[in-house]
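K.L.:
Add 47 to a position in the sequence shown, counting from 1, and you land on the number used in the working numbering.
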Amino acid sequence: MKFVIRYWNSTKTPIYSLLFTLPFFLLYEIGVFFTTKDDILVLRNGADALMRQILTNFGLVGLYWLGLLFLVITIITFYVQRNFWSNIEIVGNYFFFMMFESLFWSGILFVFMSNTYLFLMNPNGQYIIQQITLAIGAGIYEELLFRVLLITIISSLFSLIFKWRKKTNYILGMFISAGIFSAFHFLGEYGDYFSFRIFMVRFLAGIFLGVLFILRGFGITAWSHSIYDLIILTKITTE
């Protein structure tokens, strides 16, 4: 029981999340690096493209600024957490268990959304390697934007304005971010045509991932999202 408690609390920390998601981040950036210029816009859409557009508005033009920013955030997180290192032990076996936990949550998400799974992912491109890269990127960048940043920002605003309890702020932030997450898939050149039914499907997926983020942190949520998309990709390609 003590092991479970230590594992549960430790693996929610930013250090574990960043170390856990770093391999997926590297795989995504490497996949994009070897993608042709004609296909680069297909992969660089969604949350990834939105964040890159924001950076472009600040004069940071280029495909790799967001990856650099992710690494900078990693370094900053380690620096901020340095005072807590004495209380946080990096246990290698925990990452092994986190992989299996991510598989479990992605399976739960698949069962939960099984009747409407085709609407949760809109694969584009001609090559399977591009689809795998897209699935991995969705887990990293969509969770970073819609869960880590949006839930944190929205809950902080509610706390500042209304002085509500932290749990209430996080729940409201989770629901609002889920709505934005769903609506975002209908925007832009590669967005879907709006359908309220599809909106609700993605909204429910956003709630599931939001709850998972609050309970288990960024790392496991990002992996679960990516594995889920890979399951859907496998199912679509085999059919």
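Think of the CB as a built atom: it goes at the ideal place given N, C-alpha and C, for glycine as much as any other residue.
For P170 and K49, I'd like the C-alpha separation in whole angstroms.
P.N.:
Any reading at P170 must be qualified, since the residue scores a pLDDT of 46, below 50, and its modelled position is unreliable; the value itself is stated next. Each residue's Cα considered, the two are about 43 Å apart.
K.L.:
Give the DSSP-derived three-state secondary structure of I135 in the structure shown.
P.N.:
coil
K.L.:
Hey, would you say G220 sits closer than 8 Å to I208, going by beta carbons?
P.N.:
Between G220 and I208, the gap from beta carbon to beta carbon reaches 8 Å or more.
K.L.:
Using the beta-carbon count (16 or more within 10 Å), is V195 buried or exposed?
P.N.:
buried
K.L.:
Can you look up R212 in the DSSP assignment and give me helix, strand or coil?
P.N.:
coil
K.L.:
In terms of alpha-carbon separation, which member of F72, A182, F151 lies closest to L116?
P.N.:
F72
K.L.:
Give the secondary structure of S242 by DSSP, where H, G and I count as helix, E and B as strand, and everything else as coil.
P.N.:
The three-state reading of DSSP puts S242 in coil, since its state is none of H, G, I, E or B.
K.L.:
Cα-Cα, which of F243, T58, K282, L251 is closest to F159?
P.N.:
L251
K.L.:
Helix, strand or coil, according to DSSP, for F272 in the structure here?
P.N.:
First, the amino acid is wrong: residue 272 is His here, not Phe. The DSSP-derived three-state label of H272 is helix.
K.L.:
Would you mind working out which of I120, Y188, L259 sits nearest Y217, comparing C-alpha positions?
P.N.:
L259
K.L.:
Is it the case that the Cβ atoms of S274 and S153 are separated by a distance below 8 Å?
P.N.:
The sequence as given places Ile at residue 274; Ser does not occur at that position. Less than 8 Å divides the Cβ of I274 from the Cβ of S153.
K.L.:
Please report the residue range of the alpha helix (DSSP H) in which I187 lies.
P.N.:
First-last for I187: undefined, no H or E at that position.
K.L.:
Pick out whichever of F151, V138, I123, L118 has its Cα sitting closest to the Cα of R263.
P.N.:
Minimum Cα distance to R263 is reached at F151.
K.L.:
How many angstroms separate the CA atom of F81 from the CA atom of L74?
P.N.:
11 Å
K.L.:
According to DSSP, is F142 helix, strand or coil?
P.N.:
helix
K.L.:
How long is the line joining the alpha carbons of L191 and F157, rounded to whole angstroms?
P.N.:
One C-alpha to the other measures close to 21 Å.
K.L.:
Taking the Cβ atom as the reference point for each residue, do S229 and R249 lie within a distance shorter than 8 Å?
P.N.:
yes
K.L.:
Roughly how many angstroms lie between the CA atoms of G139 and A269, to the nearest whole one?
P.N.:
19 Å
K.L.:
Helix, strand or coil: which one does DSSP assign to L234?
P.N.:
coil
K.L.:
State buried or exposed for P61, treating a residue as buried only when at least 16 other CB atoms are found within 10 Å of its CB.
P.N.:
buried
K.L.:
For G264, name the three-state secondary structure that DSSP assigns.
P.N.:
Here G264 sits in coil by DSSP.
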